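Asks:
In my numbering, the protein residues as written are 1 to 211.
Written out as structure tokens, the structure is:
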């Protein structure tokens, strides 16, 4: 397996492609620029199996309908955000995009539980990591030693908590109880910015020291 980071949309939100040797892939957080993303996938001759959302904020869902239509694949989101994709007041877009906001079709599949999670041949350990949003999810791939953390944890920072359903103490608890228990060499693939590691954030992230 291998992963690719693809910044998309007006906020340069990181989408990720996780692919295997059979040219299958899953798409994390297609935030915008649908035509560009589709073209990249087609040029690599990949076959998408699903869209996996770490959460349903507007900058992570802008191209959901584009890729869903292109390959007729299901979109997964946590049950706590099942109504967010087509509601600008919940996905946050009404606060940043005054001319109607972002609205896409609702999810095809809801995620209810943590633990082992599979899509085709792709296997994850799923963590519910609320705080940035109520339904934030982190997808850990032990084989690759990576975690797709969405906007929970960044290089030297943590997710914002001033949007609907945000809670900073809850976010810090999620990070400490779930993410920081992963091996220190685990690569953190965040929703914005460069990758980091669990060990680096334990040592240097100012938001985590002294929690």
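No residue lacks a Cβ here, since even glycine has one placed at the ideal position from N, Cα and C.
Computed from a prediction, not measured in an experiment: that's the story for all the values here.
Which word fits residue 39, buried or exposed, when buried means at least 16 other C-beta atoms lie within 10 angstroms of its C-beta?
Replies: So residue 39 ends up on the exposed side.
Asks: With distances taken Cα to Cα, identify the nearest neighbour of residue 158 among 7, 68, 209.
Replies: Looking at the Cα atoms, 209 is the closest of the given residues.
Asks: Tell me which residue opens and which closes the alpha helix (DSSP H) that residue 90 is part of.
Replies: 88 to 91 is the span of the alpha helix (DSSP H), which, as asked, contains residue 90.
Asks: Helix, strand or coil for residue 50, going by three-state DSSP, please let me know.
Replies: Three-state DSSP puts residue 50 in a strand.
Asks: For residue 55 versus residue 171, is the C-beta spacing smaller than 8 angstroms?
Replies: In this structure, residue 171 does not lie closer than 8 angstroms to residue 55 by Cβ.
Asks: Answer yes if the region 171 to 185 comes into contact with the region 24 to 44, meaning at least three C-beta pairs across the two stretches below 8 angstroms, and no otherwise.
Replies: Flag = no, the region 24 to 44 and the region 171 to 185 do not touch.
Asks: My parser needs the alpha helix (DSSP H) runs of 4 or more residues fully inside the region 149 to 184; what are they?
Replies: The qualifying runs are 168 to 177.
Asks: Might you give, ordered along the chain, the residues of its own chain that have their beta carbon closer than 7 angstroms to the beta carbon of residue 140, omitting 5 neighbours on each side?
Replies: The answer, listed in chain order, is 124, 125, 127, 147, 182.
Asks: Does the region 105 to 121 come into contact with the region 72 to 83, if we say contact requires no fewer than three beta-carbon pairs (one atom in each stretch) closer than 8 angstroms?
Replies: In short, these stretches touch, since the Cβ pair count reaches three.
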